[in-house]
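Worksheet: one structure, shown below.
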Amino acid sequence: MEEERFFLYDEKEKSDTRFVSFMGETHRHDLALVKTSRYYGKTLVLDIQGNRFGIIGHDDIEEPGYLEHAFNLTEVDAEELREFLREAI
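Below you can see the structure in the form of structure tokens.
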């Protein structure tokens with residue numbers, strides 16, 4: 005017997021998506037930045053090559069170790085991403 009699926013939510017929403025790729029000193033960053041009205045003004049940042057993502061706002065960018073952990077990056081690579089996200093978000 006099939007059970008009925010219980011959704012917590014199921015909504016559609018328009019979003020603004022930016023695809024960007026740039027080469028750092030030792031790491032290529034292939035990203036999708038998705039902006040919606042969700043996530044309290046934060047941006048959904050998807051690392052396409054690394055198969056990782058984070059919901060990131062300005063406070064998260066400055067949090068020590070956050071990008072390193074979220075995207076599994078070295079300090080140098082995370083700083084390159086941090087510099088880009090400061091401008092992009």
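Numbering of the sequence shown is given in this note's numbering, commencing with residue 5 and proceeding in unit increments.
Heads up, the beta-carbon is just placed ideally off N, CA and C, and yes, glycines get one too.
Of the residues the options, the one placed nearest residue i, counting alpha carbons only
i: glutamate 66; options: Leu50, Gly54, Glu87, Leu77; result: Glu87
i: tyrosine 44; options: Asp63, Thr30, Asp51, Glu15; result: Asp63
i: threonine 21; options: Thr30, Tyr70, Ala36; result: Ala36
i: lysine 39; options: Gly58, Gln53, Phe26, Arg32; result: Gly58
i: serine 19; options: Gly69, Leu77, Thr47; result: Thr47
Chain C within 8 angstroms of residue i, Cβ atoms only
i: glycine 28; result: Of the protein chains in this structure there is only one, and it is not chain C.
Residues sharing a beta bridge with residue i, DSSP
i: lysine 9; result: Inspection of the sequence shows that residue 9 is occupied by arginine rather than by lysine. Answer is none; arginine 9 lacks a bridge partner.
i: serine 25; result: Asp34
i: aspartate 20; result: Lys39
Buried versus exposed, by CB contacts within 10 Å (16 or more), residue i
i: glutamate 79; result: exposed
Three-way DSSP call (helix, strand, coil) for residue i in this model
i: phenylalanine 75; result: coil
i: aspartate 81; result: helix
Return the chain-ordered ranges of every beta strand (DSSP E) run that is complete within the region 31 to 64 and spans a minimum of 3 residues.
32 to 39, 47 to 51, 56 to 60
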